[in-house]
Amino acid sequence: DGGITQSPKYLFRKEGQNVTLSCEQNLNHDAMYWYRQDPGQGLRLIYYSQIVNDFQKGDIAEGYSVSREKKESFPLTVTSAQKNPTAFYLCASSTGYWNTEAFFGQGTRLTVV
Amino acid sequence: GQQLNQSPQSMFIQEGEDVSMNCTSSSIFNTWLWYKQDPGEGPVLLIALYKAGELTSNGRLTAQFGITRKDSFLNISASIPSDVGIYFCASMDSNYQLIWGAGTKLIIKP
Chain W
1 DGGITQSPKY LFRKEGQNVT LSCEQNLNHD AMYWYRQDPG QGLRLIYYSQ
51 IVNDFQKGDI AEGYSVSREK KESFPLTVTS AQKNPTAFYL CASSTGYWNT
101 EAFFGQGTRL TVV
Chain L
1001 GQQLNQSPQS MFIQEGEDVS MNCTSSSIFN TWLWYKQDPG EGPVLLIALY
1051 KAGELTSNGR LTAQFGITRK DSFLNISASI PSDVGIYFCA SMDSNYQLIW
1101 GAGTKLIIKP
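Sequences listed follow chains W and L, in order. Under the working numbering, the first residue of the first sequence is numbered 1, with each subsequent residue one higher. Under the working numbering, the first residue of the second sequence is numbered 1001, with each subsequent residue one higher.
Here's what the structure looks like:
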């Protein structure tokens, strides 16, 4: 079945460590996105990629980094520079940047301990 | 920047009741989307609206694209326990980025 897969579901990190969240899709979508969700808030865009080997900063990119070496994969690294990294992270994809219909993964809950 | 104002923030309802929520903005949009997020999961698209005045149904859900293009509402008829979750409205800005409301949390009274 086609879909978008995030792993792991839960992740614990010590302060000062970098951690990478995985996002893979087999929908043949060109565009991929990373969002951060905090309780009681809407989704905030961290980074997005409209095509392989290209990505753009979203509204809250500071302390995060991404790569898009393959169409299917868009990993997100939460660096030690991110001051408040504990959150629910959602990856999404769409057929193209012009397409409003995004498909989401199940999310990764990151907790800094 | 552009914002979507979603209300109410949360709702407590009895099973079987109808539910109504809305999303407004000071800006004009060409698209309105409604997503539902179950606890611990990613949002799932329920209904997409592309034309002012459009009324679209998906089972017990009905959504409308406001005629002014600045608002949309979502109705759920005869609510059931699996309707629990957070409902988000979303639209697309001029940079082709989705912007999101803060969500309406639906809670069904036992």
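Backbone N, C-alpha and C fix where the C-beta goes; we use that ideal spot for every residue, glycine too. Fair warning: this is a prediction, and the values are worked out from it, not measured in the lab.
Of the listed residues the options, nearest to residue i (C-alpha basis)
i	options	result
TRP1032(L)	SER1007(L), VAL1019(L) and SER1072(L)	SER1072(L)
PHE74(W)	ALA92(W), ILE60(W) and SER80(W)	ALA92(W)
THR1068(L)	ASN1075(L), LEU1074(L), GLY1053(L) and THR1062(L)	GLY1053(L)
ALA1090(L)	PRO1043(L), THR1062(L), SER1077(L) and ILE1013(L)	PRO1043(L)
ALA31(W)	ASP38(W), ILE60(W), GLU69(W) and PRO39(W)	GLU69(W)
GLN1064(L)	VAL1084(L), MET1021(L) and ASP1083(L)	MET1021(L)
ILE60(W)	PRO39(W), GLN106(W), PHE88(W) and GLN82(W)	GLN82(W)
Own chain residues within Cβ distance below 7 angstroms of residue i, not counting five before or after
i	result
GLY1103(L)	GLN1006, ILE1086, TYR1087 and PHE1088
GLY2(W)	ASN26 and LEU27
GLU1015(L)	SER1079, ILE1080, PRO1081 and ILE1108
GLU101(W)	SER94
Classification of residue i by the beta-carbon crowding that lies within 10 angstroms, buried from 16 upward
i	result
TYR10(W)	exposed
SER7(W)	exposed
ILE4(W)	buried
ASN1058(L)	exposed
LEU1055(L)	exposed
CB of residue i within 8 angstroms of CB of residue j, strictly
i	j	result
TYR64(W)	GLN56(W)	no
TYR987(L)	TRP98(W)	Past the boundaries of the shown model lies residue 987(L); chain L is included only from 1001 to 1110, so the question cannot be answered.
LEU1046(L)	ASP1083(L)	no
ALA87(W)	ASP38(W)	yes
LEU1049(L)	SER1025(L)	no
Beta-carbon proximity list for residue i, same chain, < 6 angstroms, skipping 5 on both sides
i	result
TRP34(W)	ILE46, TYR47, LEU76 and CYS91
LEU21(W)	LEU76, TYR89 and THR108
VAL66(W)	TYR47, PHE55 and LEU76
Subject >> the stretch 14-26 of chain W touching the stretch 99-113 of chain W, judged by at least three CB pairs closer than 8 angstroms >> reply: yes
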